[in-house]
Amino acid sequence: MWDGQLGKLSKGVKPMSVVSYVMTTATGPSKEAAVAKAKSQAKELSATLSNALNVEIIILTGEDMLKCFDWEFMIPPSSDEMDDAISM
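Numbering (our numbering), first residue to last: 858 to 945.
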């Protein structure tokens with residue numbers, strides 16, 4: 858599924874909108890070091906994907922991040938429900 862979408866995006870076909878996310882983790886000797894590493898990796902990923910796919914990247918926080926975690930287990934079944942979930 859993702860290969861097809863990435864193929865279309867890389868060929869220049871621009872959809873109205875696509876909601877997807879990338880997650881990264883990091884380790885460190887302390888919580889602060891691990892968070893700093895993860896933020897650095899997120900910035901790197903953001904720049905790489907933004908340039909490679911010519912798309913807008915938004916760092917998710919709070920409720921928006923929670924929605925993506927929920928969608929890992931169950932994506933809204935219809936496009937109307939997805940639109941409602943995104944606009945909340």
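We put the beta carbon where it would ideally sit given N, CA and C, even for glycine.
Roughly how many whole angstroms lie between the Cα atoms of residue i and residue j?
i: I950; j: V876; result: Look at the range of the chain in this structure, 858 to 945, and you will see that residue 950 is not part of it.
i: L917; j: S887; result: 23 Å
i: K865; j: S874; result: 13 Å
i: D860; j: P934; result: 21 Å
i: D940; j: C925; result: 14 Å
i: A942; j: M931; result: 12 Å
i: G869; j: L923; result: 30 Å
i: A891; j: T905; result: 21 Å
i: D921; j: W928; result: 11 Å
The alpha helix (DSSP H) with residue i in it runs from where to where?
i: T905; result: 888-910
i: E938; result: 936-944
i: S867; result: 859-867
Taking 8 Å as the threshold (C-beta atoms), are residue j and residue i in contact?
i: V827; j: L902; result: This structure cannot speak to residue 827, because the chain is shown only from 858 to 945.
Examine the Cβ distances between the segment 894-905 and the segment 876-885 and report whether three or more of them are shorter than 8 Å. yes
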